[in-house]
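Data block below; observations after.
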Amino acid sequence: LTLPPVAGAVETATFVPERMLEVMNAQLLATDLADYLVRRGVPFRTTHEVVGRLVR
Numbered sequence: 403l404t405l406p407p408v409a410g411a412v413e414t415a416t417f418v419p420e421r422m423l424e425v426m427n428a429q430l431l432a433t434d435l436a437d438y439l440v441r442r443g444v445p446f447r448t449t450h451e452v453v454g455r456l457v458r
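Residue numbers for the sequence shown follow this note's numbering, beginning at 403 and rising by one.
Here is the structure:
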């Protein structure tokens, strides 16, 4: 189905760590932070507000 093409793409991919660091930004981690806060009991509305402020 879709796994063989994906496996082929991963096998032939070239990763450039320096470039990966250049394009990283806070928005990449926003969902992870929101998930973490919600799992710790912070209401989603509060989490959304806090994370939204951080990534602006």
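All C-beta atoms in this analysis are idealised placements derived from N, C-alpha and C, irrespective of residue type, glycine included. All values derive from a computational prediction rather than experimental measurement.
Judged by their CB atoms, threonine 449 and valine 440 are nearer to each other than the 8 Å cut-off. Around the Cβ of valine 412, a 10 Å sphere holds fewer than 16 other Cβ atoms; the residue is exposed.
In this model, leucine 435 and valine 453 are separated by some 7 Å (Cα to Cα).
In the structure shown, valine 418 falls within a coil segment according to DSSP collapsed to helix, strand and coil.
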